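Worksheet: the structure to be examined is printed underneath.
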Amino acid sequence: MIIEEMTMTEFAAGVERTRTVFIPFGSVEEHGSHLPLSTDTIQAYEVGKKAALQIPLFVAPPIHYGNCRSTTRHPGTISITTSTLKYLLKDIVTSLRNHGLFNFIVLTGHAGGAHRMALQDAGEELIAEFTDIRMAVVTEYELASREGAPIVETDGDSHAGEIETSRILHTHPHLVKGTGTREFPHFPPGGILVRDKKKYWPGGVWGDPTKATADKGRRLEELVVAKVVELARKLEAFDW
């Protein structure tokens, strides 16, 4: 049940079928010279829509913006603060709870550390405030890389590389511009912070997109969808 496509009467009928909602978070962030800025959002939203074909599940409209520290100097990246991100999730969950939804799966297609922690913090605050809700916060990339390890050829592949290029080749091939270039950035060691991370990461790729295929993308997506379906069932049965 894709919320943005539903009428209010359809939504009300849906609440009679399930109290579980999938909330996809993404980003507007560079993904090399070959992938769209919406790559993270596309992946997260597609997983939710495919999961909803298998089980009763509300799929909320995607949140297109995220906290993107490492790529703020790369052209096209639009980053929001972690506090804004937290309040977005808290407000969305609070509103959906008022409509009778109580099980929340937050899946983020953007895997930045500060971004992930902000969503985790918001989830912890929400379950402390509302004792009648269940929440799970998961990262799309972590599911794909872990479950898809036998499929992925590139060690350490993470951003705009083999995994993400394969995923977009599968669902949105018309948005892939060329093959991309293999890149593994080298940042200063020992916890040194740098202002212009683009200096150390010029191509915006972390991995090897040349090894990507649409078939790999299909197989990886199927694995992530299966984990989300499994997670939804576990969350609904979770005993506080």
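Heads up: the sequence shown is residues 215 to 454, going by this note's numbering.
For glycine and all other residues, C-beta sits at the position ideal for the given N, C-alpha and C.
None of the values given here were measured: they were computed from a predicted structure.
- Does the distance from the CB of glutamate 361 to the CB of glutamate 367 come in under 8 Å? In the sequence shown, residue 361 corresponds to position 147, counting from 1. In the sequence shown, residue 367 corresponds to position 153, counting from 1. Taking 8 Å as the Cβ cut-off, glutamate 361 and glutamate 367 do not qualify as a contacting pair.
- Assign glutamine 257 to buried or exposed, taking buried as 16 or more other Cβ atoms, counted over all protein chains shown, within 10 Å of its Cβ. Here residue 257 is taken as the residue at index 43 of the sequence shown, counted from 1. Its Cβ being crowded by 16 or more others within 10 Å, glutamine 257 is buried.
- Which residues does DSSP pair with proline 238 in a beta bridge? As a working note, residue 238 is residue 24 in the sequence shown. Bridge partners of proline 238: Leu321.
- Opposing strand residues paired with arginine 348 [DSSP bridges]: Sequence index remark: in the sequence shown, residue 348 carries index 134 (1-based). DSSP output for arginine 348 lists Asn317 as bridge partner(s).
- Can you check whether the CB of glutamate 444 is closer than 8 Å to the CB of tryptophan 420? Translated into positions along the sequence shown, residue 420 becomes position 206. Translated into positions along the sequence shown, residue 444 becomes position 230. In this structure, glutamate 444 does not lie closer than 8 Å to tryptophan 420 by Cβ.
- Query: Counting contacts by CB-CB distance shorter than 8 Å, is valine 235 in contact with chain B?
  - Reply: Here there is only one protein chain, and chain B is not present.
- Beta-carbon proximity check, valine 159 vs leucine 333, cutoff 8 Å: The structure shown does not extend to residue 159, since the chain spans only 215 to 454, so no value can be given for it.
- Of the residues Val242, Leu303, Lys300 and Pro289, the one placed nearest tyrosine 279, counting alpha carbons only: Reading the sequence shown from its first residue, position 65 is the one you call residue 279. Out of Val242, Leu303, Lys300 and Pro289, Val242 has the C-alpha closest to the C-alpha of tyrosine 279.
- Could you spell out where the alpha helix (DSSP H) holding methionine 222 opens and where it closes? Translated into positions along the sequence shown, residue 222 becomes position 8. Unbroken alpha helix (DSSP H) run through methionine 222: 222 to 229.
- Looking only at C-alpha atoms, which of Ala274, Leu357 and Val438 sits nearest to phenylalanine 318? As a first step, residue 318 is located in the sequence shown; it is residue number 104 there, counting from the start. For phenylalanine 318, the nearest C-alpha among the options comes from Ala274.
- What is the residue span of the alpha helix (DSSP H) that alanine 446 lies within? Along the sequence shown, one-based indexing puts residue 446 at 232. Unbroken alpha helix (DSSP H) run through alanine 446: 428 to 451.
- Please name the residue in Arg447, Val438, Thr385 and Tyr259 whose C-alpha comes closest to that of serine 359. One-based indexing of the sequence shown puts residue 359 at position 145. The option with the nearest alpha carbon to serine 359 is Val438.
- Using only alpha-carbon positions, find the residue among Glu435, Gly417 and Leu449 that is nearest to serine 247. Position 33 of the sequence shown holds residue 247. Ranking the options by Cα distance to serine 247, first place goes to Gly417.
- Specify the secondary structure class of valine 273 as computed by DSSP and reduced to three states. Locating residue 273 in the sequence shown gives position 59, where the first residue counts as 1. Strand, per DSSP.
- Item | Cβ-based neighbour list, phenylalanine 401, same chain, cut-off 8 Å, excluding 5 preceding and 5 following | Taking the first residue of the sequence shown as 1, we reach residue 401 at position 187. Result list for phenylalanine 401: Val408, Lys411, Tyr414 and Trp415, in chain order.
- Determine the burial state of arginine 447: buried for a count of at least 16 other Cβ atoms within 10 Å of its Cβ, exposed for fewer. Taking the sequence shown and counting its residues from 1, one reaches residue 447 at position 233. With fewer than 16 other Cβ atoms within 10 Å, it is exposed.
- Message: For the structure I just gave you, are there three or more beta carbon pairs, one from the stretch 283 to 293 and one from the stretch 218 to 225, closer than 8 Å?
- Response: no
- Item | Which listed residue (Glu218, Val261, Tyr355 and Gly392) has its alpha carbon closest to that of glycine 370 | In the sequence shown, residue 370 corresponds to position 156, counting from 1. Of the candidates Glu218, Val261, Tyr355 and Gly392, the one whose C-alpha sits nearest the C-alpha of glycine 370 is Tyr355.
- Query: Tell me which same chain residues have a C-beta within less than 8 Å of the C-beta of leucine 271, skipping the five on either side of it?
  - Reply: Numbered from its first residue, the sequence shown carries residue 271 at position 57. So the qualifying residues of the chain are Met215, Thr232, Thr234, Val235, Phe236, Gly262, Ala265 and Ala446.
- Message: Along the chain, where does the alpha helix (DSSP H) containing arginine 311 start, and where does it finish?
- Response: Residue 311 sits at position 97 when you count from the first residue of the sequence shown. Looking at the DSSP string, the run of the alpha helix (DSSP H) that includes arginine 311 is 296 to 312.
- Just curious, the alpha helix (DSSP H) that leucine 333 is in, first and last residue? For the purposes of this step, residue 333 is identified with residue 119 of the sequence shown, where counting begins at 1. Taken as a continuous stretch (DSSP letters only), the alpha helix (DSSP H) holding leucine 333 covers 327 to 343.
- Can you tell me which of the three DSSP states histidine 288 falls into? Position 74 of the sequence shown, counted from the first residue, corresponds to residue 288. Note: histidine 288 maps to coil in three-state DSSP.
- Could you give the residue range of the alpha helix (DSSP H) that holds serine 380? For this step, residue 380 is matched to residue 166 along the sequence shown. It spans 376 to 385 - the alpha helix (DSSP H) in which serine 380 sits, taken as one unbroken run.
- Task: Tell me whether the beta-carbon of threonine 427 lies closer than 8 Å to the beta-carbon of leucine 383.
- Result: As a working mapping, residue 427 is identified with position 213 in the sequence shown. As a working mapping, residue 383 is identified with position 169 in the sequence shown. Yes, the pair counts as a contact, with Cβ atoms nearer than the cut-off.
- Residues that DSSP places opposite histidine 373 in a beta bridge: Position 159 of the sequence shown, counted from the start, is the residue given in the question as residue 373. Note: histidine 373 sits in a beta bridge opposite Trp420.
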